[in-house]
Amino acid sequence: MQRLTHEEILGWLRETRPAQLDQLFAQADQVRREHVGDAVHLRGLVEISNYCVRQCHYCGLRAARSTPRYRMNREEIVASAHKCVELGFGTLVIQAGEDFGIEAEWLAGVIRQIKAETPLAITLSLGERLLDELRLWREAGADRYLLRFETSDPALYTAIHPLRGAALSDRVELLREMRKMGYEIGSGVMAGIPGQTYEILARDIELFAELDLDMVGIGPFIAHPETPLGAPDVPTAGEAQVPSNELMVLKAVALTRLVCPEANLPATTALATINTVDGREHGLESGANVFMPILTPSPYRQMYQIYPGKACVDEDATQCNQCLRGRIQRLNRYVGEGQGGRRSGGGEAAFGNASQSAPATKARQQLSDELGQKESSQPAENALSQFVVLR
Ligand code: SAH
160 MQRLTHEEIL GWLRETRPAQ LDQLFAQADQ VRREHVGDAV HLRGLVEISN YCVRQCHYCG
220 LRAARSTPRY RMNREEIVAS AHKCVELGFG TLVIQAGEDF GIEAEWLAGV IRQIKAETPL
280 AITLSLGERL LDELRLWREA GADRYLLRFE TSDPALYTAI HPLRGAALSD RVELLREMRK
340 MGYEIGSGVM AGIPGQTYEI LARDIELFAE LDLDMVGIGP FIAHPETPLG APDVPTAGEA
400 QVPSNELMVL KAVALTRLVC PEANLPATTA LATINTVDGR EHGLESGANV FMPILTPSPY
460 RQMYQIYPGK ACVDEDATQC NQCLRGRIQR LNRYVGEGQG GRRSGGGEAA FGNASQSAPA
520 TKARQQLSDE LGQKESSQPA ENALSQFVVL R
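Note that my numbering has the sequence shown beginning at 160, numbered continuously upward.
Structural data, given as structure tokens:
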């Protein structure tokens, strides 16, 4: 792991000079190549329910929002798993709102069936559930669990993620417990939630390293107009506020690659949403090594509205598959074989042919130029940062 001090991370997050940014992205790309290779793993995402008991201020699935709700049945979920195999993906990600209508025993049965009928790794992303339920699913065959801690700042966390009655909400503790159960653990944050300062985002990245996460998802916050944080007059942290733009996400992904070199990092759908043209490519060139194509069948995929305008919602899984494979090939990368877990085969670097894929230096140079210009209204207060990646 690369040791970056808090000040160095902070400096990079505030960096705006294209030449410096180019170094950061190049360094992240190199660390990515050395530690996880040129493979890009595809995880099929099936959003099995949009019911949610929570009132998260950022999320369009929040219980208070009046929107049509659905819950997929067993046959539909298993069919998605078979579709996942057919399309050549190694992992099925089962995601939902925090929906206790998804009964633990019932889901354990679905997991067992998928594990019996397919070679897929299974990742769950179902919010905060009881330890006994998490253990049951692990025993049924679930391999990984995604639970973003959303922010490492306790005050901001409580403000955007209200408690549910008297129940505790300690996502970091849950992640630690899941690791003990044998899950690979994934977490992450949104960049640019109102109230998120550069200090806080720097500490988020330090917490990724401290938890030694197996997977880290970082996307931009995208305001949903029917949520409290989507209101027009939401207070921000002023000068210290992290913007929710592409450059900020790419800087956070790159820094995460440096501090968590072995982790699987997706170029997220939210990133693709704010730059539909080549946001995903930029993610892959800044340290990411995973795509998560949506497998959720219509009409459910249109109903899983965490944020508005989600990329790829109007495509089907086959179209997404072709589109993503083309993007991977054009970057001289290749689609990862097998489950692509951190421990079970994230180590393609050992066998890979890094020499075949010429570093996309020119493209990356353009990337940091373009992005740097977009943000050049901000001060470049970070003279120290240029030395960090070089030492
Ligand atoms: N119910 C599960 C899955 C939530 S959706 C859970 O709570 O873990 C997955 C992720 O989408 C969330 O963790 C959050 O980081 C992200 N998300 C939610 N609302 C968003 C928004 N408005 N913009 C961008 N990302 C958002």
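We treat Cβ as the ideally placed atom computed from N, Cα and C, and that holds for glycine. Keep in mind it's a predicted model, so treat the numbers as computed, not measured.
L490 places its beta carbon 8 Å or farther from that of L430. Ranked by Cα distance from A280, the options F248, A263, K410, E257 are led by F248.
For S208, the CB stays at least 7 Å from every heavy atom of the ligand SAH. At least one heavy atom of the ligand SAH lies less than 7 Å from the C-beta of I465. Proximity of the beta carbon of A314 to the ligand SAH is not indicated: no heavy atom of the ligand is located closer than 7 Å. Linking L293 to N480 through their CA atoms gives a straight-line distance of about 30 Å. If you draw a 10 Å sphere on the C-beta of H165, you find fewer than 16 other C-beta atoms in it, and that means exposed. Between the ligand SAH and G286, a heavy atom-to-CB distance of less than 7 Å is present.
A distance below 7 Å between beta-carbons, with the five flanking residues on each side excluded, links G389 to the following residues of its chain, in chain order: A382, H383. If only complete runs of 4 or more residues are kept, the region 445-497 shows the alpha helix (DSSP H) at 459-462, 476-489, in order along the chain. In this structure, E292 has its CB at a distance of at least 7 Å from all heavy atoms of the ligand SAH. Y210: not part of any beta strand (DSSP E); DSSP gives it neither H nor E. L220 is classed as buried because its beta carbon has at least 16 other beta carbons within 10 Å across all chains shown. In the three-state DSSP reduction, Y304 falls in the strand class (E or B).
Minimum Cα-Cα distance from E358 among the listed residues A240, A399, M337 corresponds to A399. In the displayed model, A299 falls within a helix according to three-state DSSP.
The residue from E235, Y217, Y304 with its alpha-carbon nearest to that of P387 is Y217. Secondary structure of T310 (DSSP, three-state): coil.
Counted as a single uninterrupted DSSP element, the alpha helix (DSSP H) harbouring L266 occupies residues 263-276. With respect to the 8 Å criterion, A447 and V418 are not classified as neighbours on the basis of their beta carbons.
If only complete runs of 4 or more residues are kept, the region 167-248 shows the alpha helix (DSSP H) at 177-195, 233-245, in order along the chain. Of G500, F380, P456, R233, the smallest CA-CA separation from G351 is found for F380.
In the structure shown, L283 adopts extended strand secondary structure according to DSSP, grouped into three states. The ligand SAH never approaches E298 closely enough for any of its heavy atoms to be under 7 Å from the residue's Cβ.
Bridge pairing for E343: R303 [DSSP]. Here L424 is not near V393, since their CB atoms are 8 Å or more apart. According to the DSSP secondary-structure assignment, M349 is paired through a beta bridge with G378.
Nearest to A326 by C-alpha distance, out of M374, A426, E287, is E287. It is roughly 16 Å from the alpha-carbon of M340 to the alpha-carbon of S346. One alpha carbon belongs to I236, the other to I207, and they sit about 7 Å apart. Under DSSP, N434 takes part in no beta bridge, so it has no partner. In the structure shown, T415 falls within a helical segment according to DSSP collapsed to helix, strand and coil. For L366, the enclosing alpha helix (DSSP H) stretches over residues 357-369.
Per DSSP, A255 is one residue of the beta strand (DSSP E) stretching across 250-255.
Around the beta-carbon of A422, 16 or more other beta-carbon atoms lie within 10 Å, marking it buried. 8 Å or more divides the Cβ of L285 from the Cβ of A238.
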